[in-house]
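Per this note's numbering, the sequence shown starts with residue 334, numbered consecutively.
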Amino acid sequence: MKRIGVTGHRSIPPEAMPHVLAGMKSLLCGREGALEALSSLAEGADQLFADIALACGAELTVVIPSGDYEDGFDDPGALACYRRLRGRASQEVRLAFPHSTDEAYYAAGAYIADNCDRLLAVWDGRPARGLGGTGDIVRYARERGTPVTVVWCDGVERA
Numbered sequence: 334m335k336r337i338g339v340t341g342h343r344s345i346p347p348e349a350m351p352h353v354l355a356g357m358k359s360l361l362c363g364r365e366g367a368l369e370a371l372s373s374l375a376e377g378a379d380q381l382f383a384d385i386a387l388a389c390g391a392e393l394t395v396v397i398p399s400g401d402y403e404d405g406f407d408d409p410g411a412l413a414c415y416r417r418l419r420g421r422a423s424q425e426v427r428l429a430f431p432h433s434t435d436e437a438y439y440a441a442g443a444y445i446a447d448n449c450d451r452l453l454a455v456w457d458g459r460p461a462r463g464l465g466g467t468g469d470i471v472r473y474a475r476e477r478g479t480p481v482t483v484v485w486c487d488g489v490e491r492a
């Protein structure tokens, strides 16, 4: 079984969205054989990835960074999407962090990078804004030799 994980920004500018969606579909859909998708289901790239992966027939493994992870969702729509996707997961991995901290987010990203054959990064190429951000996880994956596919739209900057 091929395993693809995701790391990515929570906020994707509208002008980058068509390119990001096309990149995800290209990597996830139309593959031969079984596919497992690993995601923490954070708002933005993680949820988009999980939705597309499920639509393409992949099994979803959810990596939950902390016991209070749901408390970090400020947007009720994003929380509802998290719960819907989590309910469709075939496997759930819960990390032992009681609270959502940068360390918990980093550990979840590292878990995904450690347990996939390829990491899809929805990443603008800029440094992480806090420990465990996309740039940190891309660097971690590359240092351990995990292939990384970066999807972003040239010339577009995050807010």
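Cβ coordinates follow ideal geometry from the N, Cα and C atoms, glycine included.
- Apart from sequence neighbours up to five positions away, the residues of its chain that approach Met334 with a beta-carbon distance below 6 Å are Ala367, Glu369, ordered along the chain.
- In this chain, the beta strand (DSSP E) harbouring Leu371 covers 368 to 372.
- Restricted to the region 440 to 490, the beta strand (DSSP E) segments that are unbroken, complete and at least 3 residues in length are 451 to 455, 481 to 484, listed in chain order.
- When rounded, the separation of the alpha-carbon atoms in Val426 and Ile397 is 6 Å.
- Gly341 and Thr479 do not touch by the CB rule: their CB atoms are close to 15 Å apart, not below 8 Å.
- For Ser423, DSSP records no beta bridge to any residue.
- Around Cys449, the same chain offers Arg336, Ile337, Gly338, Leu371, Thr479 as residues with beta carbons nearer than 7 Å, after the five sequence neighbours per side are excluded.
- The C-alpha of Ser359 lies about 32 Å from the C-alpha of Glu436.
- Counted as a single uninterrupted DSSP element, the beta strand (DSSP E) harbouring Gly338 occupies residues 335 to 341.
- Under the three-state reduction of DSSP, Ala429 is assigned to strand.
- In the displayed model, Glu403 falls within a helix according to three-state DSSP.
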